[in-house]
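**Q** Following this message is one structure expressed as structure tokens.
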Amino acid sequence: QWDEPRVCSRRYLKVDFADIGWSEWVLSPKSFDAYYCAGACEFPMPKVVRPSNHATIQSIVRAVGIVPGIPEPCCVPDKMNSLGVLFLDENRNVVLKVYPNMSVETCACR
Amino acid sequence: SHTAPAWSAPLAAVRGLREDQDSHGSAGDAVAALGPSAQDMVAVHMLRLYEKYSRQGARPGGGNTVRSFRARMEVVDQKAMYFFNLTSMQDSEMILTATFHFYTEPPRWPQVREAMCKPPRAKNASCRLLPPGPPARQHLLFRSLSQNSATQGLLRGAMTLVPPPRGLWQAKDISARARGDGELLLSAQLDSGEKELGVPKPSPRGPYILIYANDLAIAEPNSVAVTLQRYDPFPAGDPEPRAAPNSSADPRVRRAAQVSGPLLDNELPGLDERPAHAPHAHHYHKHELWPSPFRALKPRPGRKDRRKKGQDTFLGSSQVLDFDEKTMQKARRK
């Protein structure tokens, strides 16, 4: 983790359903690459953090100090992917559901 | 309807799934997690759908949800009756397609009927064998099991099935019925009109229902928690909650918030001094002690003496927050 870039970017995270106590009813997958977003959204923000217009304005206001107490924009998921999960419902019937926004594709400052 | 491969399909399919462990070996995990029930066709069918989605991203049935429903078999009048409980369907799940899958035994062809040979037992008696009669047709009957007496036992659907030349799986589309009726408790009977040989037994070839749906709530925030974040794995009545199979003793100490004494009301503790001067003063100087902004609360006079106006009885006990006009103006400006 230490050589992770300071700027807002996607970081690796593998989620194992056994670690969160769901493996008793989740049949597949047993784990998946979820990733997460972390890093600075400092002024001036590079293009790579794909700031929204509001984030750009907010970071300028913060840098100029017009209004004290304004935080820097947040590093959050931008594009996300779905995940199909095969699990047992309460009656132990097999169910397949495709959940949206389960893993991070790209991060951005918002 | 379409015909699925012969019933040996589950075993072959399970073996296939085990062999073609894909990159993150998910199907093999699923087969292991299903344990013995991985042998029945419904589990194999669902695993196939999962594999197909994981590989190709193909939305199962065009929606985002597939629910499978195994049948519970009971013998009624020497015949196998299959009961389906569809109550785990969520209100937000809009049914797109529903299919009923069942296995038909290889037809027991009626014995070839021998004509009477003339003369009987003659050496060169010419015996003509009569062609076998047509195999018995099967009827698929659906009945409602809803509590509502008006529709209980009501025939919800009947199909005549042409027996296939050999034993294999078939599927019938029951979408219209599933969407229309909204019945969540159904029974199904495969009736060939013939007497069952022996008492039917539950088998991995039991019929099952697949419902392809679009869950309108799946895009809601936290939808994954609604269906996957379940009860505490330790049943409430458990005297000694069993440690989760592979969890180490949890090093974290549970701390309850220390509440200092019973909270009687929302007074600020330790503020019992009287205001230094009349609380309505409009001026104050920084070097003076901050006047206590509290003013004793006027107790709400009871109904009878509310008529006696102006009777103020100060109880020095409780305090309220109150600010003079200057402070209020400053705050408003801020």
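Sequence lines, in order, name chains A and B.
Quick note: the first sequence, position 85, residue 85 per our numbering, numbers continuous.
If you want our numbering, it's the position in the second sequence, counting the first as 1, plus 1000.
For glycine and all other residues, C-beta sits at the position ideal for the given N, C-alpha and C.
1. Which residues bound the beta strand (DSSP E) around Q1090/B?
2. For the beta strand (DSSP E) that contains I1211/B, what are its first and last residues?
3. Quick one: measure Cβ to Cβ for M45/A and C107/A, integer angstroms, because I've assumed they're closer than 8 Å.
4. Over what stretch of residues does the beta strand (DSSP E) that includes R11/A continue unbroken?
5. Can you list, in chain order, the residues of its chain whose CB lies under 6 Å from that of D16/A, leaving out five sequence neighbours each side?
6. Between the segment 62-76 of chain A and the segment 88-97 of chain A, do three or more beta carbon pairs fall short of 8 Å?
7. Which residues, taken in chain order from the segment 1075-1104 of chain B, show a beta carbon closer than 7 Å to some beta carbon of chain A?
8. If we cut at 8 Å on Cβ distances, does D1215/B have a partner in chain A?
9. Give me the subset of the segment 41-57 of chain A whose CB atoms are less than 8 Å from a CB atom of chain B, sorted by chain position.
10. At a Cβ threshold of 8 Å, is D89/A touching chain B?
11. Put G1061/B into one of helix, strand or coil per three-state DSSP.
12. Could you spell out where the alpha helix (DSSP H) holding K1052/B opens and where it closes?
13. Taking the straight line between their C-alpha atoms, what separation do you get for R10/A and M102/A?
14. Could you tell me the boundaries of the beta strand (DSSP E) in which L86/A lies?
15. For Y99/A, I'd like the list of residues in its chain whose CB is within less than 7 Å of its CB, leaving aside the five on either flank, ordered along the chain.
16. Tell me the rounded alpha-carbon separation between L1190/B and L1141/B.
17. Rounded to the nearest angstrom, what separates P29/A and W22/A at their Cα positions?
18. Counting only runs of 4+ residues fully inside the segment 1160-1185 of chain B, write out the alpha helix (DSSP H) ranges in chain order.
19. How about K79/A and E105/A: do their beta carbons lie closer than 8 Å?
20. Output needed for R1070/B: all residues of its chain with C-beta closer than 6 Å, excluding positions within five of it in sequence on either side, in chain order.
21. State the CB to CB distance for the pair L1186/B and L1161/B, rounded to an integer number of angstroms; the pair is presumed to be in contact (CB under 8 Å).
22. Please tell me whether L1049/B has its Cβ less than 8 Å away from any Cβ of chain D.
23. For P5/A, collect the residues of the same chain with a Cβ closer than 8 Å to its Cβ; drop the 5 residues on either side in sequence, then sort them by chain order.
24. Would you please verify whether the beta carbon of R1230/B is less than 8 Å from any beta carbon of chain A?
25. Can you list, in chain order, the residues of its chain whose CB lies under 7 Å from that of P77/A, leaving out five sequence neighbours each side?
26. With DSSP run on the structure shown, which of helix, strand or coil describes L1321/B?
27. Measure the Cβ-Cβ separation of V7/A and V48/A and say whether it is below 8 Å.
28. Short check: CB of W1169/B to CB of Y1103/B, under 8 Å?
29. What residue does the alpha helix (DSSP H) around N53/A start on, and which one ends it?
30. Use the C-beta contact count for M1081/B: other C-beta atoms within 10 angstroms, 16 or more gives buried, fewer gives exposed.
31. Given that a residue counts as buried once 16 or more other Cβ atoms are within 10 Å of its Cβ, and exposed if not, what is N1064/B?
32. Using a Cβ-Cβ distance cut-off of 8 Å, determine whether S1203/B contacts chain A.
**A** The structure says:
1. Where Q1090/B is concerned, there is no enclosing beta strand (DSSP E), given that its DSSP letter is neither H nor E.
2. Here the beta strand (DSSP E) through I1211/B covers Y1208 to D1215.
3. Between C107/A and M45/A the Cβ distance is about 12 Å, and since that is not below 8 Å, they are no contact.
4. S9 to R11
5. S31
6. no
7. Under the 7 Å Cβ criterion, the segment 1075-1104 of chain B contributes N1085 and S1088.
8. yes
9. none
10. yes
11. helix
12. M1041 to Q1056
13. 14 Å
14. L86/A -> beta strand (DSSP E) spans M80 to L88.
15. S82, L83 and V85
16. 7 Å
17. 11 Å
18. 1175-1181
19. yes
20. Counting only Cβ-Cβ distances below 6 Å, and skipping sequence neighbours, we find V1042 and Y1208.
21. Contact flag wrong, Cβ pair sits at about 18 Å.
22. Looking for chain D here will not work: the only protein chains present are A and B.
23. G39
24. True, the Cβ-Cβ gap to chain A drops below 8 Å.
25. Close CB contacts of P77/A within its chain, under the 7 Å cut and outside five residues either way in sequence, are with C37, V104 and C107 (chain order).
26. Here L1321/B sits in strand by DSSP.
27. yes
28. For W1169/B and Y1103/B, yes; Cβs fall inside 8 Å.
29. N53 to V64
30. buried
31. buried
32. no
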